[in-house]
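Asks: With the numbering used here applied, the sequence shown covers 11 to 346.
Please see the structure below; I have some questions.
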Amino acid sequence: MSHLRLLTVDELPALSEDPVAFLNQLNGPVVITVPGASSAGCRAVVTLLHGNEPSGMKAMLRYLRSGQKPAVTLHLFIISVHTALHPPVFTHRQIPGERDMNRTFRPPFDDDLGELASQILAHLVHLAPEVVVDVHNTSGDGPAFAVSPALSEAHIALTRLFTHRLVVTDLQLGSLMEISSTDCPAITIECGGATGSVADEVAYAGLCRLAAAENLFSWQDMSSLDLYHHPVRLELAAECSIVYDTALDADVDLCLPPDIDHFNFGVVDPGVCLGRVRSASCLRIKSAAGYQAIDEYFHVLPDGSLHPRVPLKLFMVTTNAAIARSDCLLYAVRQG
């Protein structure tokens, strides 16, 4: 089992600029402490809970190599190192057969990943940071956005360090941000797709702002946000098959176009065909109230084509079949 190692920045070896070499140097989950100009308080940033979402880790490496001194002490958590290095590198959300690390932050903590999550939570309690920011990449192409379990001035301020889009959700999935409280607001930052450089820049610029701000909650750019309230998840029912195919004619339970992620943060009307499905029972909606049929959000025509029932704004649309099976296909909110 991997134990969370605690290191100060002075204890690190000479850092390679190559992310893979850096992770090999770490050789497991770590917390790297960077002393601040002030010892009054601290901030925590967590990343690489998913092994195929490296932008936050790349931002931390770049920040450490820059030698910058944060306004207050910064604790950098880099978690799923072995998952990221599992060949091919940076392709696995979780190691095949293991749980999703960002679904383990609630009891029971009765396996190796649960024990690691318990260690992370215990160390955060010990540190008592003023904020916790969890940095991810989206599972498909799309712009950056934040996800928060609450809408407050503190959560808005944290969002604006990285992006102008904020999703407020009451879904409880066992994610790290669910530890959010009045004393310690926590938020998830989705920097965009992992394959380009834009997400890396979003993560680095946001980390630098987070580190440098003397008062996070008087951040100067508090302009209006694009707000999305209480999304639902569209999930594939257990044992149902899925492929992404341009022709939409594969002999499977659900067939989606390979570029379906171009709908991210766009409005889709009932006339838009999202794919073809063998039966509406292959799909289900998850909201904070639990599971329900898809009828209020989507409908299936007699020819099997899948359409929005009402205008919807979609996000976190994945084109990764493994993620679609193990997590969800997309999130949706009603438009207007």
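Idealized CB from N, CA, C, for every residue including glycine.
A quick note: this is a predicted structure, and the numbers were derived from the prediction, not measured.
Consult DSSP for Gly124 and reduce its assignment to one of helix, strand or coil.
Replies: As a first step, residue 124 is located in the sequence shown; it is residue number 114 there, counting from the start. Note: Gly124 maps to helix in three-state DSSP.
Asks: Exposed or buried, Val41, counting other C-beta atoms within 10 Å across all chains shown (16 or more means buried)?
Replies: Here residue 41 corresponds to residue number 31 of the sequence shown, with the count starting at 1. By the neighbour-count rule (16 or more Cβ atoms within 10 Å), Val41 is buried.
Asks: Using only alpha-carbon positions, find the residue among Ser297, Tyr301, Arg335 and Gly281 that is nearest to Pro318.
Replies: For the purposes of this step, residue 318 is identified with residue 308 of the sequence shown, where counting begins at 1. Ranking Ser297, Tyr301, Arg335 and Gly281 by Cα distance to Pro318 puts Gly281 first.
Asks: Run through DSSP, which three-state label would Cys194 get?
Replies: Counting from 1 along the sequence shown, the entry for residue 194 is found at position 184. The answer is coil: DSSP assigns Cys194 none of H, G, I, E or B.
Asks: Using three-state DSSP, classify Phe119 as helix, strand or coil.
Replies: Position 109 of the sequence shown, counting from 1, holds the residue named residue 119. Coil, per DSSP.
Asks: Give me, in chain order, the residues of the same chain whose beta-carbon lies closer than 7 Å to that of Pro241; leave out the 5 immediate sequence neighbours on both sides.
Replies: Residue 241 sits at position 231 when you count from the first residue of the sequence shown. So the list reads Val177, Thr179, Tyr341, Ala342 and Val343, once near-sequence residues are dropped.
Asks: Do you know offhand how far Ser228's Cα is from Val145's?
Replies: Counting from 1 along the sequence shown, the entry for residue 228 is found at position 218. Counting from 1 along the sequence shown, the entry for residue 145 is found at position 135. Rounded to the nearest angstrom, the two C-alpha atoms are 21 Å apart.
Asks: Within its chain, find whatever has a CB closer than 7 Å to the CB of Glu63; leave out the 5 residues flanking it on each side and keep chain order.
Replies: As a first step, residue 63 must be located in the sequence shown, where it is residue number 53. Once the five neighbours on either side are set aside, the close Cβ partners of Glu63 are His146, Asn147 and Ala204.
Asks: Excluding the 5 residues flanking Ile105 on each side, which residues of the same chain have their C-beta closer than 8 Å to its C-beta?
Replies: Counting from one through the sequence shown, the residue named residue 105 turns up at place 95. Only Gly61, His92, Thr93 and His96 meet the Cβ criterion.
Asks: Given this structure, state the Cα-to-Cα distance separating Ala257 from Ser251, to the nearest angstrom.
Replies: For the purposes of this step, residue 257 is taken as the residue at position 247 of the sequence shown. For the purposes of this step, residue 251 is taken as the residue at position 241 of the sequence shown. Whole-angstrom Cα-Cα distance: 16 Å.
Asks: Kindly indicate which residue of Val30, Leu168, Ser26 and Leu33 has the alpha-carbon position closest to the one of Val55.
Replies: Residue mapping note: residue 55 aligns to position 45 of the sequence shown, counting from 1. When only C-alpha atoms are compared, the closest one is Leu168.
Asks: Within the chosen definition, does the stretch 44–52 reach the stretch 182–202 through at least 3 CB pairs nearer than 8 Å?
Replies: Touching, no.
Asks: Can you have a look at Ala323 and say buried or exposed, based on whether 16 or more other CB atoms are within 10 angstroms of its CB?
Replies: Translated into the one-based positions of the sequence shown, residue 323 becomes position 313. At residue 323 the sequence reads Lys, which differs from the Ala that was named. So Lys323 ends up on the buried side.
Asks: Is the beta carbon of Ile88 less than 8 Å from the beta carbon of Thr57?
Replies: Along the sequence shown, read from residue 1 onward, the residue named residue 88 stands at position 78. Along the sequence shown, read from residue 1 onward, the residue named residue 57 stands at position 47. Contact: yes.
Asks: Using a threshold of 8 Å, state whether the C-beta atoms of Leu246 and Ala334 are closer than that.
Replies: By 1-based counting over the sequence shown, the position of residue 246 is 236. By 1-based counting over the sequence shown, the position of residue 334 is 324. Taking 8 Å as the Cβ cut-off, Leu246 and Ala334 qualify as a contacting pair.
Asks: Who are the near neighbours of Ala213 in its chain, counting only those whose CB is closer than 6 Å to its CB and skipping five residues on each side?
Replies: Locating residue 213 in the sequence shown gives position 203, where the first residue counts as 1. Once the five neighbours on either side are set aside, the close Cβ partners of Ala213 are Ser65, Gly66, Ala69, Val145 and Cys201.
Asks: Opposite Tyr341 in the DSSP bridges: which residues?
Replies: Within the sequence shown, residue 341 is the residue found at index 331, counting from 1. Arg243 and Phe325.
Asks: Hey, could you find the ends of the alpha helix (DSSP H) Gly206 is sitting in?
Replies: Here residue 206 refers to the residue found at position 196 when the sequence shown is read from its first residue. Looking at the DSSP string, Gly206 is not in any alpha helix (DSSP H), and its letter there is neither H nor E.
Asks: Can you tell me the Cα-Cα spacing of Asp271 and Asp210, whole angstroms?
Replies: For the purposes of this step, residue 271 is taken as residue 261 along the sequence shown, with counting starting at 1. For the purposes of this step, residue 210 is taken as residue 200 along the sequence shown, with counting starting at 1. About 19 Å.
Asks: Helix, strand or coil for Ser297? Go by DSSP, reduced to three states.
Replies: Here residue 297 corresponds to residue number 287 of the sequence shown, with the count starting at 1. Residue state, collapsed to three classes: strand.
Asks: Rounded to whole angstroms, how far is the Cβ of Leu244 from the Cβ of Leu293, which I believe are closer than 8 Å?
Replies: The residue given as residue 244 occupies position 234 in the sequence shown. The residue given as residue 293 occupies position 283 in the sequence shown. Right, the Cβ-Cβ distance comes to about 6 Å (below 8 Å), so this counts as a contact.
Asks: Have a look at Leu428 and Leu284 and give me their C-alpha separation to the nearest angstrom.
Replies: The structure shown does not extend to residue 428, since the chain spans only 11 to 346, so no value can be given for it.
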